[in-house]
Amino acid sequence: MTKAMIHQRLRRLLLPMTAIVFACLIPSCGSRPGAAIADPAFAKVAGVLEANCVHCHGDNRLSHMPPINDSAELARLVGSNAWIVPGKPERSRFFQVVTFGDAIPGAMPPTGHAIARQDVAILRHWITEGARIPEGRIISFHPRGKRPRSE
Numbered sequence: 157m158t159k160a161m162i163h164q165r166l167r168r169l170l171l172p173m174t175a176i177v178f179a180c181l182i183p184s185c186g187s188r189p190g191a192a193i194a195d196p197a198f199a200k201v202a203g204v205l206e207a208n209c210v211h212c213h214g215d216n217r218l219s220h221m222p223p224i225n226d227s228a229e230l231a232r233l234v235g236s237n238a239w240i241v242p243g244k245p246e247r248s249r250f251f252q253v254v255t256f257g258d259a260i261p262g263a264m265p266p267t268g269h270a271i272a273r274q275d276v277a278i279l280r281h282w283i284t285e286g287a288r289i290p291e292g293r294i295i296s297f298h299p300r301g302k303r304p305r306s307e
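Numbered by this note's numbering, the letters in the sequence shown go through residues 157 to 307 in order.
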């Protein structure tokens with residue numbers, strides 16, 4: 157078998173394989189954040205975090221800020237003496253700061269508009285139900301929408 161014949165066979169194999177790969181990738185290009193999360197309740201939580209928290213607590217955060225850039229980092233904030241206390245939103249510092257009034261130091265997000273009531277309800281429900289985070293793969297969070305409380 158000549159070198160030219162080998163190249164021709166490789167091209168015949170690679171073209172269909174490349175087409176298959178692109179066909180698999182194209183549907184995910186326009187997907188909205190949280191769309192690939194199998195747990196619908198956690199998909200809502202991810203949406204709230206992406207709209208209200210990840211702008212400042214994501215990859216570009218200051219070193220003293222708790223990280224919320226993916227599900228693994230979020231899981232580190234969950235525990236009996238942690239930022240998020242499963243089953244107890246009122247004991248969770250995370251929940252407290254998102255429900256503080258604008259005049260209270262430490263209210264999150266720190267400037268502009270507060271988190272919408274419906275989003276606060278989603279976070280409350282998630283924490284009350286145990287603050288479960290899907291296992292098996294790390295889910296990345298990406299900022300979306302306007303920066304919260306931005307002028």
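Glycine residues also receive a C-beta, built at the ideal position from the N, C-alpha and C atoms. Values in this document were obtained by computation on a predicted structure and should not be read as measured data.
| request: Could you tell me whether the Cβ atoms of Cys209 and Ile224 are closer together than 8 Å? | output: The count along the sequence shown starts at 1 and reaches residue 209 at position 53. The count along the sequence shown starts at 1 and reaches residue 224 at position 68. Contact: yes.
| request: Take Ala231 and list the residues in its own chain whose beta-carbon comes closer than 6 Å to its own, dropping the five residues that flank it on each side. | output: Numbered from 1 along the sequence shown, position 75 holds the residue referred to as residue 231. Excluding residues within five positions, the ones whose Cβ falls inside 6 Å are Ile289.
| said: Are the CB atoms of Ile294 and Pro245 within a distance shorter than 8 Å? | reply: Within the sequence shown, numbered from 1, the residue matching residue 245 stands at position 89. Within the sequence shown, numbered from 1, the residue matching residue 294 stands at position 138. Going by C-beta atoms, Pro245 is not nearer than 8 Å to Ile294.
| Exposed unless 16 or more other CB atoms sit within 10 angstroms - verdict on Lys102 | Outside the modelled stretch of the chain, which goes from 157 to 307, sits residue 102, for which no answer is possible.
| Along the chain, where does the alpha helix (DSSP H) that runs through Glu229 open and close? | Locating residue 229 in the sequence shown gives position 73, counting from the first residue. Per DSSP, Glu229 belongs to the alpha helix (DSSP H) from Ser227 to Arg232.
| query | Are the CB atoms of Pro242 and Gly286 nearer to each other than 8 Å? | reply | On the sequence shown, residue 242 is found 86 positions in, with the first residue counted as 1. On the sequence shown, residue 286 is found 130 positions in, with the first residue counted as 1. Their beta carbons are under 8 Å apart, which means Pro242 touches Gly286 by this criterion.
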